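Number 819 in the numbering used here belongs to position 20 of the sequence shown; there are no gaps in the numbering.
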Amino acid sequence: MQKLQYEPAWDKAISAQDQLLIEQFFQQTKEQDKRISCCLIRTAINHKQQKLIITLIHNRTDQQLKFRNTEISIITETEKITQNFTIDALQIPPFCSMPWTFIFDESIDFQFTEIKQIDIEI
800 MQKLQYEPAW
810 DKAISAQDQL
820 LIEQFFQQTK
830 EQDKRISCCL
840 IRTAINHKQQ
850 KLIITLIHNR
860 TDQQLKFRNT
870 EISIITETEK
880 ITQNFTIDAL
890 QIPPFCSMPW
900 TFIFDESIDF
910 QFTEIKQIDI
920 EI
């Protein structure tokens with residue numbers, strides 16, 4: 800059975816409003832068929848003009864999911880934009896879902912409104 804889990808730093812800093820939003824996304828998406836999936840929750844731009852993609856990552860496998868040179872792709876109607884991530888703090892246990900914010904370099908050009916899907920290439 801899929802379980803929602805927060806990385807310890809998130810667990811301490813998340814607002815009640817964001818926690819409710821994440822829990823709603825979890826309830827709506829936890830039963831999907833795909834073994835590993837990534838759901839878009841929200842977008843933002845930080846002070847460095849980097850694009851922030853706040854997601855809920857589902858690991859529906861019996862293996863721990865680690866992010867070492869892992870390709871994250873943003874799919875739009877016209878293109879696939881990828882960036883590799885190594886995030887030691889992001890380790891998702893088997894049958895768990897965890898929120899995470901991916902920070903895309905400011906040189907990567909796309910509009911948030913163009914995002915159709917986010918893929919994780921394992």
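C-beta: ideal position from N, C-alpha, C; glycine also.
All values reported here derive from a predicted model rather than from experimental measurement.
### Message
Using a Cβ distance threshold of 8 Å, determine whether the segment 826-837 contacts the segment 806-817, with at least three qualifying pairs required.
### Response
no
### Query
Buried or exposed: which applies to K1009, given that a residue is buried once 16 or more other Cβ atoms fall within 10 Å of its Cβ?
In the structure displayed, the chain extends from 800 to 921; residue 1009 sits before or after that span and is not available.
#### Entry: Whole beta strand (DSSP E) elements within the segment 802-888, 3-residue minimum
835-844, 850-858, 864-874
### Query
Given L864, which residues of its chain have a CB within under 6 Å of its CB, disregarding the five upstream and five downstream residues?
Counting from one through the sequence shown, the residue named residue 864 turns up at place 65. N858, I891.
### Task
Can you give me the Cβ contacts of E822 inside the same chain, cut-off strictly under 7 Å, excluding the 5 residues immediately before and after it?
Here the question's residue 822 lines up with position 23 in the sequence shown. Closer than 7 Å at Cβ, skipping near neighbours: L803.
### Message
Between the alpha carbons of E870 and N845, how many angstroms are there, rounded?
### Response
Counting from one through the sequence shown, the residue named residue 870 turns up at place 71. Counting from one through the sequence shown, the residue named residue 845 turns up at place 46. So the two alpha carbons sit approximately 22 Å from each other.
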